[in-house]
Structure formats: C-alpha cells, structure tokens
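Peer 1: As they're listed, the protein sequences go chains A and B.
According to full-length UniProt numbering, the first sequence holds residues 1 to 240 in order.
According to full-length UniProt numbering, the second sequence holds residues 1 to 240 in order.
Dropping a structure here in structure tokens format, bear with me for questions.
There are 2 protein chains.
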Amino acid sequence: MTEAKYLKIARIIQNRIKDGTYQAQEPLPDQEALAQELGVSRLTVKKALDGLERKGLLYKQSGLGTFVLGDIPIQTDHDTSASVFSGLQEEIGEEKITSDIIKFAIEFPSEQVQKNLRLKSSDPVYEVLRLRRLEANPFVLEHTYMPVKLVPNLDETVLKGSIYHYIHHNLGLKFGTAYRKIRASKATAWDKKYLEAKQDDPILELEQIIWLTNGHPIEYSTSRNRFDTRNYVVFQNKDF
Amino acid sequence: MTEAKYLKIARIIQNRIKDGTYQAQEPLPDQEALAQELGVSRLTVKKALDGLERKGLLYKQSGLGTFVLGDIPIQTDHDTSASVFSGLQEEIGEEKITSDIIKFAIEFPSEQVQKNLRLKSSDPVYEVLRLRRLEANPFVLEHTYMPVKLVPNLDETVLKGSIYHYIHHNLGLKFGTAYRKIRASKATAWDKKYLEAKQDDPILELEQIIWLTNGHPIEYSTSRNRFDTRNYVVFQNKDF
DNA sequence: GAGTGGTCTAGACCACTCT
DNA sequence: GAGTGGTCTAGACCACTCG
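See the structure below:
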C-alpha cells in the first residue's frame, strides 16, 4: 500500500508552512502552480489543501487565494486535542507515562455498558481502572470497558503500557470514530484518593465511546483529570 | 449562488438515514448505484458521503460498502457541539434565551487581547460581559472581546439579542475557523453572583478565538457554565 | 473473480474578488 | 477582464474484502 499522493503533497506543504517558506497571512502559490510544480493534478492539490484547512493550518478564499493562518495565540504545548486517537503514551511520550492498575476484571456488562458497546448481557467485558501518572505524578484516572471478543488476551503487561498500542499493533484494529463528552464535575472519593484532589477541586471529565473502522464499538470509557492538570482543545473549520 | 450538488445529495441521504430508508448497521447502495439514481457522477456521491462520514452518520469500509453508524447511546439533546458556530439563540431557540448586559465598553486592548485578536494597542475593542439566561435561569457568563473596526455600530439592542446574528446577517461576515479550549475551574465571585454557583461548584470554561473566512480574528471570548448546566461534545472521524 | 470504496487525471465551467 | 478557488464529469486504475 503506497501512500496517497495528496497526503504526500499535504506533508510537503505543511513542511513549507512550518519552515517559513510560506509565511503567516501570506498567500500560497495558486493551485494550478502547485499542481505543475509537484507534478500532480489540480484536484490532488486541492484535496491536500482541504485537509490542511480542516487541520487549521490555512484558509482559502474563493477568488483570492490560499493563506497561512499563522500561530494561534492561546495554543500551548500543554493542550490535548479532543479529536485525536493516540493514547497517552503516544501523545506525551512513553517514558513519561506509567500506569497503576487499580482494577482489572472480566464481568458481564451492566445495562449501560451493554447499550454503549452494543452487547448482549452474556457478552463479557473487561473493566479496567487505571491511574496514569505523568512523571510519577497522578494525572488521569481512566475507567474503561471493552468487549472481550474484540480484545482477546488483554493482560496486566498490556495494561501497564499502552492498550492503544496493543489494539493497533498487536491486534491490527483501527479506531474509526469517537463521540466524546466533556464536562466539569465534583471530586469523588476516588478522585481524592488517586488524583490527590482536594475536596473542592473541580474535575475535568471526558466520557467517550470509540468505534472501530468496521463500526463495532470497542471502548466505553471515562477519564478524569484534576482541573489544574489538563484542558481539551477543539479546532473547527468548515462544517462539511 | 445555487447550492452545490454534493450538498443536495448529502441532504437526501441524510434524510433517508433519518427516516429509516437506510437502517443502522446496514449498507447503503454502492456509490455507483447512488450516482445513477441521483443523476450525478460517482465522485459527487463520494463527496457527499465523505461529509456525512465526518459528521458521524456513517462509515465506509473499502471493499465492503458504506454503513449507517446508528444511534450514539451517550448522545442527548442536551449536548452542545464544541464544533459549531451558531450562537446560543440559534442553537437553543430565540424565545428561550435572554441576555443581561453586565458590562459594555469600548477600550484599548490589553496585551493579551492585542495578541489574540492581532491588534495594535491603538485599535479599540469592545468588551462585553453578558449573562445569558435559559428560560430566565442563569445559564452562561460570556466575556467577549471584538475589534471595533470589524464590528461597527455594536449597541445594546444587538447585545440584548444575538451578536452572532448581527455579524452574519447585518454585517455579512462569515466565521471560518475557531480554536477552543475547554477546562474545569473553580467558581469566582462573578460565577457565584451571576451563575448562582455555590462556593464549591465547579465551572466548565470554554476559551476561544474565532476567525472570519478572510483570516481576521473577530472574537476572543470566555464562556463559563456551572458544571451542572452544560457539557461539550466532540465528534471525531478521520484525521484528514 | 466480483464487488466495493479510494485515488487520480484532464478538462470544463462556475462563483467570487479585485482592478 | 484576469485570476483565484469550487464544482462536476467521464473514465481509468488501484486496494481491499469476501467467497
């Protein structure tokens, strides 16, 4: 499987934005010129630009041109994209993340879990509660349910590292879709115990369902962070 | 300006999903068949399906077909999409939303606001603090900065209603891009006063910059909700 | 092998913006 | 009018999944 041309083109253009070949607020060469230079059709260039536009690197104005958006002032390294699949280890770095396994069980699913993972009451699920540490400090409390039939042979070795990595590289499955709900909530007893939250520390909670590319729900989980350790970021561009 | 064909096709397909013509987990007709039936090229059908896929209505599997994702169990009417531009009135209903104007001033921007709105220190900005009520109950405290030069003649009449509506329909400007940061935080004196938050009620905060389609930043704002009145939702599908 | 979606092309025409 | 991006077509070939 060779990489699609439009992805290559997108990477080239992205690099040119990063290295300053194309400056913020300045127009790129027009699509036809890029197509000629890069030896592809104009549509392929447009497809690359469409993707970069959705990612927030540039914007287009019909009749005018394509422009580099430039730096986003409120963006920081600290920001977690709310629309990315990579696990914590991939996102922050394998070395920095460790996991305490608080609970690891196989059970029959509750009605809520049945509904969220589209399971029968007789389909077993894993229940995993992990405290994930960032450079040894408590960071996020993850409570995860996964269907056993989709994730065979889960064990403590996997849980100590990255479930995400196991699912992708060992099982060869791909995440396709996610629905995530973000809210603030009060600290529970668990939050106080594991996240070292104080009584009145707000918690930032993310509840999500993740589907594989084949449409099967593979994960229902809740992640809780102390309010002062994380935020989520959403980038929007175009509705369609 | 006539509507693009792929948008019409998308709406047709979306309606068929909604009315049950295409059932959850079931495949749609293949792209060629849809193209024939609807009298467009296959690429136009694909473009429509791509959009519906990004919106989370369906998923495609190369070699297999296009399938309806079906209901999302954790989704509720209450959910606010974190990737939508419409103002509160458009989203929830004009009748239900009222606004108390707590502060409305024209001033020179602080350094932070200069940076976020890409302004010089001599470019005046509006500062608007509004408590927006949902059926008379305090709902969200919005603190907004906008460049005067982009939004002329803002007045209390506009602020009582929808700034969003004014910008779009009266000024003819279009929002293009938004960067939003969501976090939990502790209640401030303002939150207690206006949102009727208790001392230990968490606050769900959204900080954002919005750009017009021409690349100009038009709004820097912060919205605060009491934790029990709102959540934000992010739907993810495909990275590119 | 048959059927599906994914990519890519060349060419055409349209809509928009500025001069 | 000139230059830009947006849409659309017909046709081709590829990659993937299943029998």
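Ideal Cβ positions, reconstructed from N, Cα and C, are used throughout, including at glycine.
All of these numbers come straight from a predicted model, not from anything done at the bench.
With 8 Å as the threshold, decide whether the Cβ of R42 of chain B is near any Cβ in chain A.
Peer 2: No, R42 of chain B does not count as interfacial toward chain A.
Peer 1: Just checking: is the beta-carbon of Y59 of chain A within a distance shorter than 8 Å of some beta-carbon in chain B?
Peer 2: By this cut-off, Y59 of chain A is an interface position.
Peer 1: Could you tell me the alpha carbon to alpha carbon distance between D186 of chain B and Q89 of chain B, rounded to whole angstroms?
Peer 2: Sequence inspection shows Lys at residue 186 of chain B; the Asp mentioned does not correspond to that position. Answer to the nearest angstrom: the Cα atoms are 27 Å apart.
Peer 1: To the nearest angstrom, how far is it from the Cα of E107 of chain A to the Cα of P147 of chain A?
Peer 2: Approximately 10 Å between the Cα atoms of the pair.
Peer 1: Run through the DSSP bridge pairs and tell me what W190 of chain B is partnered with.
Peer 2: Its beta-bridge partners do not exist; DSSP assigns none.
Peer 1: Check the Cβ of Y22 of chain B against every Cβ in chain A and list those closer than 9 Å, keeping chain order.
Peer 2: Residues of chain A passing the Cβ test: none, with the nearest at roughly 13 Å.
Peer 1: Check whether the stretch 144 to 158 of chain A touches the stretch 191 to 210 of chain B, taking contact to mean three or more Cβ pairs, one atom from each stretch, closer than 8 Å.
Peer 2: No, because fewer than three Cβ pairs between the stretch 144 to 158 of chain A and the stretch 191 to 210 of chain B fall closer than 8 Å, the two stretches do not touch.
Peer 1: Looking at the secondary structure, which residues open and close the beta strand (DSSP E) in which K96 of chain A lies?
Peer 2: No beta strand (DSSP E) contains K96 of chain A, which DSSP labels as neither H nor E.
Peer 1: For the candidate residues A:S121, A:N116, A:P152 and A:I102, whose alpha-carbon lies nearest to that of N128 of chain A?
Peer 2: Residue identity check: residue 128 of chain A is Val in the sequence provided, not Asn. Ranking A:S121, A:N116, A:P152 and A:I102 by Cα distance to V128 of chain A puts A:I102 first.
Peer 1: Out of curiosity, what's the CA-to-CA distance linking L131 of chain B and L141 of chain B?
Peer 2: Near 5 Å, if we compare the C-alpha coordinates of L141 of chain B and L131 of chain B.
Peer 1: Can you tell me where the beta strand (DSSP E) holding L131 of chain A begins and where it ends?
Peer 2: Per DSSP, L131 of chain A belongs to the beta strand (DSSP E) from V125 to L134.
Peer 1: Check the Cβ of E127 of chain B against every Cβ in chain A and list those closer than 9 Å, keeping chain order.
Peer 2: In chain order: nothing, as chain A lies at least about 17 Å away.
Peer 1: Counting only C-beta atoms, is I203 of chain A closer than 8 Å to chain B at any point?
Peer 2: Interface residue, yes.
Peer 1: By the three-class DSSP mapping on this structure, what secondary structure does Y145 of chain B have?
Peer 2: It is a strand residue.
Peer 1: Quick one, which residues of the stretch 218 to 232 of chain A are near chain B if we go by CB-CB under 7 Å, in chain order?
Peer 2: Listed in sequence order: F227, N231 and Y232.
Peer 1: For the candidate residues B:G215, B:F227 and B:T222, whose alpha-carbon lies nearest to that of Q25 of chain A?
Peer 2: If we check each option's Cα against that of Q25 of chain A, B:G215 comes out closest.
Peer 1: Who pairs with A24 of chain A in a beta bridge, going by DSSP?
Peer 2: DSSP lists A:V68 as partners of A24 of chain A.
Peer 1: Who are the neighbours of F240 of chain B on chain A, taking C-beta pairs under 8 Å?
Peer 2: In chain order: L7, A10, G51, R54 and K55.
Peer 1: Under the rule that 16 or more other beta-carbon atoms within 10 Å means buried, what is N231 of chain A, buried or exposed?
Peer 2: The residue is buried, with at least 16 neighbouring Cβ atoms inside 10 Å.
Peer 1: Which chain B residues sit within Cβ distance under 7 Å of T207 of chain A?
Peer 2: Here residue 207 of chain A turns out to be Glu, not Thr, going by the sequence shown. Result: I74.
Peer 1: Which residues in the same chain have their Cβ closer than 6 Å to the Cβ of L34 of chain B, if we skip the five residues on either side of it in sequence?
Peer 2: Only V45 meet the Cβ criterion.
Peer 1: Residues in its own chain within less than 8 Å of A82 of chain B by CB, not counting five upstream and five downstream?
Peer 2: Excluding residues within five positions, the ones whose Cβ falls inside 8 Å are R180, I182, L206, Y232, V233 and V234.
Peer 1: List the residues that DSSP assigns as beta-bridge partners of Y59 of chain B.
Peer 2: DSSP lists B:F67 as partners of Y59 of chain B.
Peer 1: Please name the residues in the stretch 133 to 147 of chain B whose beta-carbon is closer than 7 Å to at least one beta-carbon of chain A, in chain order.
Peer 2: Per Cβ criterion, the list is empty.
Peer 1: Can you name the residues of chain B whose CB is closer than 9 Å to the CB of S86 of chain A?
Peer 2: Neighbours of S86 of chain A on chain B: none; closest Cβ ~10 Å, over 9 Å.
Peer 1: Could you tell me the alpha carbon to alpha carbon distance between L69 of chain B and E196 of chain A, rounded to whole angstroms?
Peer 2: Going by the C-alpha atoms only, they are around 39 Å apart.
Peer 1: Tell me, please, whether the stretch 54 to 73 of chain B touches the stretch 14 to 31 of chain B by the rule of three or more beta-carbon pairs shorter than 8 Å.
Peer 2: At 8 Å Cβ cutoff, the stretches touch.
Peer 1: Return the chain-ordered list of same chain residues with a C-beta closer than 6 Å to the C-beta of R226 of chain B, the five sequence neighbours on each side being excluded.
Peer 2: Once the five neighbours on either side are set aside, the close Cβ partners of R226 of chain B are L195, A197 and D201.
Peer 1: So with Cβ pairs under 8 Å, would you call D191 of chain A a contact of chain B?
Peer 2: Closer than 8 Å: no.
Peer 1: With a 10 Å radius around its C-beta and 16 neighbouring C-beta atoms as the bar for buried, classify R118 of chain A as buried or exposed.
Peer 2: By the neighbour-count rule (16 or more Cβ atoms within 10 Å), R118 of chain A is buried.
Peer 1: Taking Cβ to Cβ, would you say G93 of chain B is nearer than 8 Å to I163 of chain B?
Peer 2: No, these two residues do not count as a Cβ contact at 8 Å.
Peer 1: Just reading off the alpha helix (DSSP H) that A184 of chain A is part of, what are its end residues?
Peer 2: Note, A184 of chain A: premise wrong, no alpha helix (DSSP H); beta strand (DSSP E) at F175 to S185.
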